[in-house]
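Protein chains in written order, with my numbering: chain A, 1 to 281; chain B, 1001 to 1294. Backbone N, C-alpha and C define an ideal beta-carbon position, used for all residues, glycine too. Please read these numbers as outputs of a predicted model, since none were measured by experiment. Report on the structure given below.
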C-alpha cells in the first residue's frame, strides 16, 4: 500500500497522538476536577494534578440524606432511570409490530416515512400544545408524562431500526413456518423475534441513550425532585451558585458513566447502527 | 394470503404507533398552527384570532433577523468544521499504526457523553476565574490576563462552536471511516500504480465513496445545528447581550419566559419551515450525489 517512508510514519504517529489528546484532555480534566480538593481548583497557577485524590464528592452526591445536594441528585438519577426505562420499553413495544409490518408490506411504508420525517421538527414546534396538554391531564412534573413525550423522539427511531432489522431476515423462513400451520404471533415468538433479538437490543440501547441525553422537554415539563431528570439537575448545578466546581464535575462524571459504558461495550453494534444512516437525534 | 388482508393486517400492526404519533406529534403540530394565528397566553385564556399578525411582527423584528444570523453562523461554521476535522480524523484512522483500534474506540466517548454534561464541562473549562483554558493559556504566556470567554460577545459564539465540534466531529469521523473501509483495495492500488499523487487519489478514487455517507451526515448535522438549544442554554442561555441566542432559544423565551404562546407558536413554525426547506434542498442534493457516485 503506502510507501513506508519514516517521515510519513512519524507524521502519522504525531497526528494520532494529537487526536488522542484532543479527545481525552477534556474528559480527563472532568475526572481530575471531580477528585481535586476545592483549594487546588481555585489555586493560581492552577494545580493540574491533585496532591491527594479526594473522592468525598462522589459519596456526597450519592448519599440520600434529606435536603442535601445528594438527595436532589439521587432523586434526579432515579427519575432519569425511570423515564428512560419506561420510554424505551414503550418505544420497543410500538416499534416491533410496526417495523415488522412495514418490512413485510412495503405498500404501507409511506406512513413510516412520514413518522421519520418528524425528525426535522424542532421540539419547540410541539412544545406549547404539549405543555398545555400535559397540564390539562395533570401530567406536568410527572415521570409518566415525560416518558410519554419522549416517544416523540424514541418511537420513530426505534421503528426505523426494527424495520431494517426485519428486512435482513428472509421472509421465506416465516412463510415456511406459516405453511406448517403456525399463526402470526407463533411465528414471531419462535422465529422472527429470536432472530431479531440483536436488533431489538441495539434499538433499546439507542433509545436509552436518547432518553438519557434529552434536556429540552425535561427542562420545560419538570419542576422539582418528583420528576426532574439528571440533565436538568446538572444544568441547575452548572447555572446555580455552587461554589465548588468539583461537585459540578462529579455530577457530570456520574451522569456520563452509563452512556459512556454502553458506548464502549456496544461499540460495534452502535457504530454499525450509526453508519447505516441513522444518527442520534 | 390476499393482498388486501396483508395490507389491512399491516395497518392494524402499525395502529398503536400511529395513534401515539398522532397524539404526541400530529395533534400538537396542528394545534401550534392554530395557536400561531391567535394572541393566546401560555396559561389562561384561549386568545383571539389575530390573523397573520404574529408572523408579520416576528419576521420584521430585529430580534428575529439577528437570531437567524447567529443560528446560521453557528450551524455553518460548526458543521463545516466537524465535516473537515471528521474526514481528516477518518483518513488518519484508516492508516496502519499501533494503537489504531484503541484510538478508534476513544472516538465513541465524546459522542456518548450527554450533551448537557459536555456543555457543563466546557463551561467549567472556559470559567473566567478558575477555568482550565485561562490557566493553560496564561502558563503558556499566550494571554496575560484571564478572560471571560463566554462572557464577551466577541468570543462566546466561537467558544460554543468549539465545544459543539468537539462532541460531534467524532461521529462524522466514524461515518467517514466506515465509508473508507468500503473502498476496494485494488482500486487504490491501481491508482497508485498509475502514478496518482495523494491528492489525486483522494479526489478521484476515495471521495466518490465518501460522498454519499458524508452527505447524509451533513444533512443530519445541519438540521441538528439549526435546531440547537441544549448546549447554548447550558453554557450561555443565549447571552451575553443575546450574542449566542439561537432560534430555538428565541422561541423558548417568547413562548415560555414571556408566556406569549401565540407569537411563540408562529415563530416555532417559521423555524420548522426553514428546517424543512433546508432538508428538502439537501435531500435533492443527496439524491444527485448518490446518483453520480454510483
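{"Query": "Could you tell me the boundaries of the alpha helix (DSSP H) in which residue 1258 of chain B lies?", "Result": "Element bounds for residue 1258 of chain B: n/a, residue is neither H nor E."}
{"Query": "Under a three-way DSSP split, which group does residue 1244 of chain B fall into?", "Result": "coil"}
{"Query": "Just to confirm, are residue 151 of chain A and residue 84 of chain A a CB contact at a threshold of 9 Å?", "Result": "no"}
{"Query": "Where does residue 1052 of chain B land, buried or exposed, given buried means 16+ other C-beta within 10 angstroms?", "Result": "exposed"}
{"Query": "Just the C-alpha distance for residue 1229 of chain B and residue 215 of chain A, rounded to the nearest angstrom, thanks.", "Result": "9 Å"}
{"Query": "Could one say the Cβ of residue 1158 of chain B lies closer than 9 Å to chain A's Cβ atoms, at least one of them?", "Result": "no"}
{"Query": "Scan the stretch 47 to 95 of chain A and note each continuous alpha helix (DSSP H) run of 4 residues or more that stays entirely inside, going in chain order.", "Result": "56 to 62"}
{"Query": "Answer with buried or exposed for residue 136 of chain A, where buried requires no fewer than 16 other C-beta atoms within 10 angstroms of its C-beta.", "Result": "exposed"}
{"Query": "Identify, in the order they occur along the chain, each residue of the same chain with its Cβ nearer than 7 Å to the Cβ of residue 230 of chain A, setting aside the five sequence neighbours on each side.", "Result": "76, 77, 80, 255"}
{"Query": "Residue 105 of chain A by DSSP, collapsed to three states: which one?", "Result": "coil"}
{"Query": "Would you report the Cα separation of residue 9 of chain A and residue 263 of chain A, rounded to the nearest angstrom?", "Result": "30 Å"}
{"Query": "When you compare only the Cα positions, how much space is there between residue 253 of chain A and residue 1008 of chain B?", "Result": "49 Å"}
{"Query": "How about residue 228 of chain A: is its C-beta nearer than 9 Å to some C-beta of chain B?", "Result": "no"}
{"Query": "What does the alpha-carbon distance come out to for the pair residue 46 of chain A and residue 1151 of chain B?", "Result": "21 Å"}
{"Query": "Compute the Euclidean distance between the alpha carbons of residue 218 of chain A and residue 249 of chain A, then round it to the nearest angstrom.", "Result": "21 Å"}
{"Query": "Please check if any C-beta of chain B sits within less than 9 Å of the C-beta of residue 22 of chain A.", "Result": "yes"}
{"Query": "Taking 8 Å as the cut-off, does the stretch 1161 to 1172 of chain B touch the stretch 1187 to 1203 of chain B (at least 3 CB pairs, one atom from each stretch)?", "Result": "no"}
{"Query": "Residue 157 of chain A and residue 199 of chain A - do their beta-carbons sit closer together than 9 Å?", "Result": "no"}
{"Query": "Would you say residue 1143 of chain B faces chain A, with C-beta separation under 9 Å as the test?", "Result": "no"}
{"Query": "Counting Cβ pairs, one atom from each stretch, are 3 or more of them under 8 Å apart for the stretch 1254 to 1267 of chain B and the stretch 1233 to 1240 of chain B?", "Result": "no"}
{"Query": "Taking the straight line between their C-alpha atoms, what separation do you get for residue 26 of chain A and residue 1175 of chain B?", "Result": "23 Å"}
{"Query": "I want to see whether chain B comes within less than 9 Å of residue 37 of chain A, judged by CB atoms only; does it?", "Result": "no"}
{"Query": "Which residue's Cα is closest to the Cα of residue 1261 of chain B: A:129, A:148, A:237, A:24?", "Result": "A:129"}
{"Query": "Within its chain, find whatever has a CB closer than 7 Å to the CB of residue 1153 of chain B; leave out the 5 residues flanking it on each side and keep chain order.", "Result": "1240, 1241, 1243"}
{"Query": "How about residue 1231 of chain B and residue 1048 of chain B: do their beta carbons lie closer than 9 Å?", "Result": "no"}
{"Query": "Under a Cβ-count criterion, where at least 16 other Cβ atoms within 10 Å of its own Cβ denotes burial, should residue 1071 of chain B be classed as buried or exposed?", "Result": "buried"}
{"Query": "Beta-carbon of residue 203 of chain A versus every beta-carbon of chain B: anything under 9 Å?", "Result": "no"}
{"Query": "Do you know offhand how far residue 133 of chain A's Cα is from residue 228 of chain A's?", "Result": "19 Å"}
{"Query": "Run the CB neighbour count on residue 181 of chain A, radius 10 Å, all protein chains shown included, and call it buried at 16 or more, exposed below.", "Result": "exposed"}
{"Query": "Chain B partners of residue 197 of chain A, CB-CB under 8 Å?", "Result": "In chain order: nothing, as chain B lies at least about 19 Å away."}
{"Query": "Opposite residue 1038 of chain B in the DSSP bridges: which residues?", "Result": "B:1049"}
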